[in-house]
Each structure stands twice: as structure tokens, then as C-alpha cells.
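Visitor: Okay, handing you the structure first.
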Amino acid sequence: MCGICGVLALEGPLNLPDEAPQRMIGIMRHRGPDEFGAWRDASIFLGHARLSIIDLKSGQQPMAGPRGRHWISFNGEIFNYVELARELEGLGHVFRTSSDTEVILHAYLEWGQECVDRFNGQFALAIWDRHERRLFLARDRFGIRPLFLAPHGHQLLFASEIKALAAYPGFQPVLDPGGVAEVCQYWVNIPPATPFQGVYQLPPGHTATVDSESAACGDQGWPGCLKLRRYWTPSFLPVAEDERFVSRRETEDMARQVHEKLVDAAVIRLRADVPVGAYLSGGLDSSATAALIHHHTDHRLKTFSVGFASADHDESWWQHAMARHIGTEHVTIQVDGQDIAGRFRQVVRHTETPVLRTAPAPLHALSALARSEDFKVVLTGEGADEVFVGYNIFREAKVRRFWSRQPQSTLRPRLLTRLYPYLAQSPPSFLQRFYGQGLTDTGDPLYSHRPRWRNTVAVAGFLTGQQQAARAMQDAEERLLRSLPDDFTRWGTVARAQYLEMTTFMAGYLLSSQGDRMLMGNSVEGRFPFLDHQLAEFAGTLPVSAKLRSLREKALLKLSVAEMLPENILSRPKQPYRAPDSDSFQTPAGQELVEEFLGEGSGQGEGLWNQEKVGALVRKWQAGRLSSARDNMCFMGVLSGRILEKEFGPGLEDWVQESQLDADELVWRNESSGT
1 MCGICGVLAL
11 EGPLNLPDEA
21 PQRMIGIMRH
31 RGPDEFGAWR
41 DASIFLGHAR
51 LSIIDLKSGQ
61 QPMAGPRGRH
71 WISFNGEIFN
81 YVELARELEG
91 LGHVFRTSSD
101 TEVILHAYLE
111 WGQECVDRFN
121 GQFALAIWDR
131 HERRLFLARD
141 RFGIRPLFLA
151 PHGHQLLFAS
161 EIKALAAYPG
171 FQPVLDPGGV
181 AEVCQYWVNI
191 PPATPFQGVY
201 QLPPGHTATV
211 DSESAACGDQ
221 GWPGCLKLRR
231 YWTPSFLPVA
241 EDERFVSRRE
251 TEDMARQVHE
261 KLVDAAVIRL
271 RADVPVGAYL
281 SGGLDSSATA
291 ALIHHHTDHR
301 LKTFSVGFAS
311 ADHDESWWQH
321 AMARHIGTEH
331 VTIQVDGQDI
341 AGRFRQVVRH
351 TETPVLRTAP
361 APLHALSALA
371 RSEDFKVVLT
381 GEGADEVFVG
391 YNIFREAKVR
401 RFWSRQPQST
411 LRPRLLTRLY
421 PYLAQSPPSF
431 LQRFYGQGLT
441 DTGDPLYSHR
451 PRWRNTVAVA
461 GFLTGQQQAA
471 RAMQDAEERL
481 LRSLPDDFTR
491 WGTVARAQYL
501 EMTTFMAGYL
511 LSSQGDRMLM
521 GNSVEGRFPF
531 LDHQLAEFAG
541 TLPVSAKLRS
551 LREKALLKLS
561 VAEMLPENIL
571 SRPKQPYRAP
581 DSDSFQTPAG
591 QELVEEFLGE
601 GSGQGEGLWN
611 QEKVGALVRK
621 WQAGRLSSAR
631 DNMCFMGVLS
641 GRILEKEFGP
651 GLEDWVQESQ
661 LDADELVWRN
671 ESSGT
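In C-alpha cells, the structure reads:
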């Protein structure tokens, strides 16, 4: 796993400022501290910060292909590189390294842009063809690895992180009020938008090319110089087939096939020339991942967990129980509010977006623990809930659809208390009012996610320019609707919810703010067996009636791993991962941070945030009255937004200077040092 960056001249020769490579690569050194490489020709510069995991001796980047025509800078892993290399050798290709990077180059030579269809992996890559003057960019199917782009004059900048673009001399990213408003409503930006003006993200499952026939880059919507192609999207069964009755015998056969594909997905993700560990949360998904490795390989597994001083959030008992069950060497770290607040500024530096909760902070502490134990790679359970229907939002959509058939019923909405037991004490009028909004609009493509988004939109109320914010959120919704696949209207309520969850919250938040950014912030690579695309594609062909039996989440997945897990892990109620939010900032470290960024004399964000409303929110927090989830999201959104403004504004240049590489740290590659 690594960090990549580059600068492409769109007109004439490349005019690269002298210190640009050291600045752009240096500010991403956390992504790859093992080696810093660069290469350039008259048109392009490619940079690379390497975290060496496969082919430690000869996998350096940027890497050249045969005869030096093609050059690559690549972030990620191609897990099936061994099989692909064997196939390519049969077609006459000759390899000089044992790296997956070289396999990508030869695959591109053999199959062109369609090479990505053959990759089982997680990746963001840039390949430059010197003869055709063509840049090829690609991102993995689920968006596990990031890739950002920005037109700048007659140049195109690209990098794994926005901060590397910001480090380019003369390019100053500015927070976009509309982009921030999107995050306030949807938790994420809808691609290709980001929170910054003129900065874009390559959407998951897409490639993009720039060549001599491309138009000049513009600043509206999407850079016009890039030809975008979608090569993959999640898919599901038509509604009638998805909701059909599935017999027990057929269910057991499906579970057996799921088990087999899970084994393949987990085992192939152990490929590395360094030790591979696993996160263990104590829930079903990470427990299943660890158990699969224990039962089907001779890999000596080390597991890592985070616990909480707060009993409401702590799962340590379950973590240790599972570690004992499979006999792993287990290491844990406990965090409290002081720890969370103390690292929150650093967390926002890594997320590069406002966040509406503190959940990334303990995961940053967890990756630091893994790295301190000399582990560069960990497997985690992310993706299981989305692929095998584990979240309440899926069950909630199913209940609301059932309720919509008799909207006047007072009994049907009571089913929601099975999903949220604390609602059992809520007045029936609350259930009807909150979950009944838009109840009969079942044809709305975004039906499943409307309740969540109506709840989070309150954060946008703290922005100045409410008309602009409303317009931006409407633009984001239209962008999302345009991106839906043609088959979307044929799917049922739960399948639609799965698609939306995968392509918005999972891709833009879970795999980014809680995933890649918190892992790579400590130079640790995360691997996700449940997001093996072959497994996910197979799961999409299985009826939701088997995956979600009645209202029992992940029923099929549980059956597929039942023989490997203790009953108490298998049957425990799902406990969503959470961390203490605004309460964490009642600590000394938290109070200092709040005073710096939200205090009356902070002077930050006066143009973006409504000072009067922010002041009232802070006073409410000081009085200990932020009792609702909505209030907590508002507090975290405003605080993280203010930190982001300073870190990417007045504080940026100092940060760039501190991280800039020395000249002798950067290795310039040439044809003889390539493949």
C-alpha cells in the first residue's frame, strides 16, 4: 500500500517547480515511509511513497514497462497477481520482478483499459504511455483506495490524498460551502465532488483517460480533459426473484457456497512478504474473518482490538472470548475521551473532510497499535453488513415498505422497536412522525435512506448561505440519481438500499474516513475479504429472502460460518461500532480543542459557519445538554469543519514544510532502474 501523485502537462512541456516532488510525496510519507520514488519526462511527473509489502527488493516505483514506453505509479494490491502472471507468461510476457505492480503493466499491454476487469484487488493507479501521450487512471470497484484530481492552469494534478495536491506550489484548495453542505446531509460527498472547490474524486469502479484528443480541463462538474468510463457496479436480482421463498435445503446449499468463496477471499488476502494480522472487534464479521484464517490455513494469526473506558461502547469481553476460542496472540488498546480528543485534529488532517462522529479516532489508535507491533497489513470485517444485509437501515426499509401497505396501521410501525429497542418507550406518535415521513413514496429511488438524511441535514443549518447549501444538496441528489444503474428500478427495496449504502456511506465514509485514512495514517494496509468482488457478485445473485430471513440480519452469512464460531458470538445482538462523541471533548484535551476552534476568539470559519448558531451550540455543550444524536452530529460536524479550514488554510504551508522530503530522500527512477 502506498501513496501516489503526479502532474500532467495538458499543453506544451511540463513546467515542474523544483521542490514540487519533495512537497507532494513528503506530505504523504505516512502512506509509504519505506521509499520515496519519482520519475518524469517532458510531459508528466509521477511520484510514489512506498509501503513495501510484496517483492520487497525489486518492487520500487514508479516502475517502467518493457522498453520504457509505459510507466506506472500504483497504490494498492492485486491479490490474483500470481495467477495473472502465469496467464501472461503463457501469452509471451517476460517478468523481471515478482511484484504485482509489474503484472499490472503487462496486463495493460495485453488487454488495454479492460485489464481492470481481471484484477481482484484494491487499487488506485496511473499509467503513462509515452508514445501515445496517454494517461490512464483507475480505481477499484468499491473505492477502497482513493484517487483525487485537480485542474491547475494547463496542468492536471492527481494524488492519493488532497493534501498532496495542496502541497503543489501555487495550488491552494479552498473549502466549498456546497461540498461541505453535502457532507452535512449525506455524511459523504457524492462523486466526483469533494469538500474542496476544483478538487474531484475518481468514482469507485471507474477509469479515466487523458490523451492528445482530450479537451482542455475545465472547472465545472468534472474536468473535461478526462474521459470517464464505468467498468463495474454492484448488481442484484429482480424483485420477484429476490423475494421468492427459499427452502431450507436450498439455503444450506447457498451457505456452503458462501463459505467456500469466503475462504478463497480470506486466503488470497494473506499474500504478502510481511506478517499479516487481523482486527478483532468481537462482532460476527471480524470473528468470521479470523476464524476462516485459523481453520483453513496454517497462518499464525495475531489479532488487534480497541476497547473503551465507556462501558456503553466497550466490547472487550467479546474480543477476548473470540481470541481465546481460536487461540490467537491478541493485543488490545483501550481509549477514553482524552485519547479521542487528543488525536482528533490529526484525524481530521487524515480524513480531509468534516466528520459527524468521533468513530475514526479509536481506529487511528488501533492502527497505531498494529504498527507498533511491526505489522503493516491487517484483515478486517468491513463490507459484510453491506453485502450480506446486516444493517438496521435495510431492515428498517423492509418494515417501512410493509407498513406502507397499511399506512394507517398503529401496529406495523411497532416492528421498528425490534430494530431499535430503545424506541419501545417512545410515544407511538414519535414513530409515526419520524419514520412515517414519505412512507408511501415507495417508488422514490432513495426511499430507504431518506430518514437518515433528514436527520443529518440539521448539521447544514449551521452553515451560512442557506440557499446555497440547499441548492448544493439538491445538486448532489441529482448527481446521485444520475449515477444509478439502469437495473436499479427492477430491484426490491432492500437491494436498492444495499446499493445506496455501498456506493455512498461505505465508499465515502467507512472505507475512507474510518478505513484507508485511519489505517494509512499509521502506515498500515487494510484488506477486506468481504469486499472481494467475486464474493460480492455471488451474494448479489442470492435472494434477499435468504440473506434477511424475517428481520434476522445476515442469516445466510451466520449459517455459512456457524461451525467455526462459538454460539455466544454467533447469536449476540449486533452492536454497531460507536465511540463517545461530544462527551469526549469535556476532557482537558477536548476543552482546549473546542476553545481553539469554536471559542469566541477562535476567528475560524466566519464566512462558512453561522457564528451565532455555533455559539449557542457550544453553550449547550458546555451545559452538558447535547443529549440527542442530532445535536452530537452538529457538534462534531462544526468542530471538524473548523479544524479542516485551518489545517488546509493558514496552517497548510507550515505542515507542508515540516513534511517535505530532503533531496537525498527522493530516488529518481530511470529506464535502467525500471523493469
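The opening residue of the sequence shown carries number 1 in the numbering used here; numbering runs sequentially from there.
Think of the CB as a built atom: it goes at the ideal place given N, C-alpha and C, for glycine as much as any other residue.
Predicted model, so just to flag it, every value in this text is computed and none were measured.
Are there 16 or more other CB atoms within 10 angstroms of the CB of V82, so buried, or fewer, so exposed?
Guide: Result: exposed.
Visitor: CA-CA distance, L135 and D475?
Guide: Their Cα atoms are separated by approximately 29 Å.
Visitor: Is there contact here, the stretch 102–120 with the stretch 176–194, by at least three beta-carbon pairs under 8 Å?
Guide: Too few Cβ pairs lie closer than 8 Å, so no.
Visitor: Could you give the first and the last residue of the continuous alpha helix (DSSP H) run that contains Q575?
Guide: Per DSSP, Q575 belongs to no alpha helix (DSSP H) and is neither H nor E.
Visitor: From A64, P195, T504 and S409, pick the residue whose C-alpha is nearest to that of T233; which is it?
Guide: The residue with the shortest Cα to Cα distance from T233 is T504.
Visitor: Return the first residue and the last residue of the beta strand (DSSP E) that Q122 is part of.
Guide: Here the beta strand (DSSP E) through Q122 covers G121 to D129.
Visitor: Hey, out of L284, R625 and I340, whose CA is closest to W318's CA?
Guide: The candidate whose alpha carbon is nearest that of W318 is L284.
Visitor: Using C-beta distances below 8 Å, list every residue in its chain close to H533, excluding the 5 sequence neighbours before and after it, in chain order.
Guide: Excluding positions up to five away in sequence, the list reads N120, R141, F142 and W232.
Visitor: Can you give, in chain order, each stretch of the alpha helix (DSSP H) that sits fully within the stretch 281–331 and has at least 4 residues?
Guide: Taking only runs of at least 4 residues, the alpha helix (DSSP H) segments lying wholly in the stretch 281–331 are 284–296 and 316–326.
Visitor: Return the Cβ separation of P21 and A38 in integer angstroms, given the expectation that the two are a contact with Cβ distance under 8 Å.
Guide: Contact flag correct, Cβ pair sits at about 5 Å.
Visitor: Distance, Cα to Cα, N522 vs R371?
Guide: Rounded to the nearest angstrom, the two C-alpha atoms are 7 Å apart.
Visitor: Less than 9 Å between the C-beta atoms of M24 and T358, yes or no?
Guide: Going by C-beta atoms, M24 is not nearer than 9 Å to T358.
Visitor: Would a C-beta distance cut-off of 9 Å place L109 and G76 closer than the cut-off?
Guide: Not closer than 9 Å, so no.
Visitor: Let me check understanding here. Comparing Cα to Cα, which of H30, A562 and L666 lies closest to K163?
Guide: Selected option, being the one with the closest Cα: H30.
Visitor: For A193, name the three-state secondary structure that DSSP assigns.
Guide: Here A193 sits in coil by DSSP.
Visitor: What first and last residue would you give for the alpha helix (DSSP H) that runs through K620?
Guide: Looking at the DSSP string, the run of the alpha helix (DSSP H) that includes K620 is Q611 to Q622.
Visitor: Using the rule of at least 16 other Cβ atoms within 10 Å of the residue's Cβ for burial, across every protein chain shown, is F430 buried or exposed?
Guide: Looking at its Cβ environment, which holds fewer than 16 other Cβ atoms inside 10 Å, F430 is exposed.
Visitor: Classify W453 as helix, strand or coil using the three-state DSSP reduction.
Guide: Correct three-state label for W453: helix.
Visitor: Please say whether Y499 and L379 have beta carbons closer to each other than 9 Å?
Guide: For L379 and Y499, no; Cβs fall outside 9 Å.
Visitor: Looking at the structure shown, is F430 part of a helix, part of a strand, or coil, going by DSSP?
Guide: Helix.
Visitor: Taking the C-alpha atoms as reference points, what is the distance between G41 and H152?
Guide: Here the sequence assigns Asp to residue 41, which means Gly is not the residue at that position. Using only the alpha carbons, I get a separation of about 19 Å.
Visitor: Out of K554, S628, G599 and R454, point me to the one whose CA is closest to R686's CA.
Guide: No statement about residue 686 is possible, as the shown extent of the chain runs from 1 to 675 and does not include it.
Visitor: If distances are taken between C-alpha atoms only, which option among I340, Q338 and A323 comes closest to T332?
Guide: It is A323.
Visitor: Using the C-alpha atoms, what's the distance from P413 back to V457?
Guide: So the alpha carbons of these two residues sit roughly 24 Å apart.
Visitor: One question on the structure: do H330 and F304 come within less than 9 Å of each other, judged by their Cβ atoms?
Guide: A contact, by the Cβ cut-off of 9 Å.
Visitor: In chain order, what residues of the same chain lie with their CB nearer than 6 Å to the CB of M506, ignoring the 5 residues before and after it?
Guide: Taken in chain order, the residues that qualify are E386.
Visitor: What did DSSP end up calling S584 once you bin it into helix, strand or coil?
Guide: Helix, per DSSP.
Visitor: Using beta-carbon positions only, say whether H206 and A138 come within less than 9 Å of one another.
Guide: For H206 and A138, yes; Cβs fall inside 9 Å.
Visitor: In the structure shown, what three-state DSSP assignment does T675 receive?
Guide: Residue confidence is low: T675 scores 45 on pLDDT, short of 50, so the model does not pin down where it sits. Its coordinate-derived value is still stated next. Correct three-state label for T675: coil.
Visitor: In whole angstroms, give me the CA-to-CA distance for F528 and A193.
Guide: Their backbone Cα atoms lie some 25 Å apart in a straight line.
Visitor: Just to confirm my understanding: we take T97, look at its own chain, exclude 5 residues before and 5 after, and list those with CB closer than 7 Å. What are they?
Guide: These residues qualify, in order along the chain: D55, S58, G59 and T675.
Visitor: Evaluate the contact criterion for the stretch 621–632 versus the stretch 334–345: three or more CB pairs, one atom per stretch, below 8 Å.
Guide: No: fewer than three Cβ pairs fall under 8 Å.
Visitor: Please confirm if E645 has its CB atom under 9 Å from at least one CB of chain B.
Guide: Here there is only one protein chain, and chain B is not present.
Visitor: Is E665 near G26, with beta carbons less than 9 Å apart?
Guide: Cβ distance < 9 Å, so E665 and G26 count as in contact.
Visitor: Look up R269 in the DSSP assignment and say whether it is helix, strand or coil.
Guide: It is coil, neither helix nor strand.
Visitor: Which whole-angstrom value is the C-beta distance of C643 and F597, which I expect to be below 8 Å?
Guide: Note on residue identity: the sequence assigns Ile, not Cys, to residue 643. Contact holds; Cβ gap of about 6 Å.
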